[in-house]
Amino acid sequence: MKFSSYYNNLGINAFAISSVLKEAGFLTISQIALILPVVAHRQMVTKFAHGRFRFVSFEQYLIDNIEFFYNFNERYLASLTPTVNALQFLNEMGVLQLKGDGAVIASDLPFDASMGKRAERVMRASPNIAALISGNAEVFYLNARIEL
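Residue numbers for the sequence shown follow the numbering used here, beginning at 4 and rising by one.
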């Protein structure tokens, strides 16, 4: 089994996508596909969730944290199916709405302490994750060496 089968589940995946999408407002499907590979990397989420961290640009973040991207392609490929499942789940629940080539939040999926520490970190990291993936998706895919 892939690493995501042990660490991720539909609930945390759906919550992560909805939290980041809420911060971004609108994301294309290619940008949404980048959320779970970021969330699957504990160090990235921890850094993004830190109160003093401020995101400047994707290029600067990549230069400063190149070690976070060494297996990004593997994480990306492993998260494609969970991303589609979470999108379908959120759409059926009425939390998000598919529009054109992307999605928007239709209703809030609020955080509750019973969701656990990981969901709390994801919620705190959401603004920075949204900033990371909201730029030009082609630049991200190229620089993160994602093979399509």
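No residue lacks a Cβ here, since even glycine has one placed at the ideal position from N, Cα and C. Only a predicted model underlies this, so the values are computations on that prediction, with no experimental measurement involved.
Restricted to the stretch 46–84, the alpha helix (DSSP H) segments that are unbroken, complete and at least 4 residues in length are 61–67, listed in chain order. Counting only residues of its own chain and dropping the five nearest sequence neighbours on each side, ILE32 has a CB closer than 7 angstroms to the CB of ASP104 and GLY105. The criterion of a C-beta distance shorter than 9 angstroms is satisfied by PHE58 and ALA134. In the structure shown, GLY14 adopts helical secondary structure according to DSSP, grouped into three states. One Cα belongs to ALA109, the other to ASN74, and the distance between them is close to 33 angstroms.
Using a Cβ-Cβ distance cut-off of 8 angstroms, the stretch 11–18 and the stretch 112–129 are in contact, since at least three pairs of beta carbons, one from each stretch, lie closer than that value. With respect to the 9 angstroms criterion, PRO85 and LEU30 are not classified as neighbours on the basis of their beta carbons. Within the same chain, and ignoring the five residues on either side of LEU37 in sequence, the residues whose Cβ sits closer than 6 angstroms to its Cβ are ILE136. Judged by beta-carbon spacing, LEU145 lies beyond the 9 angstroms limit of LEU24, meaning their Cβ atoms are not closer than that value. Bridge pairing for GLY105: THR31 and LYS102 [DSSP].
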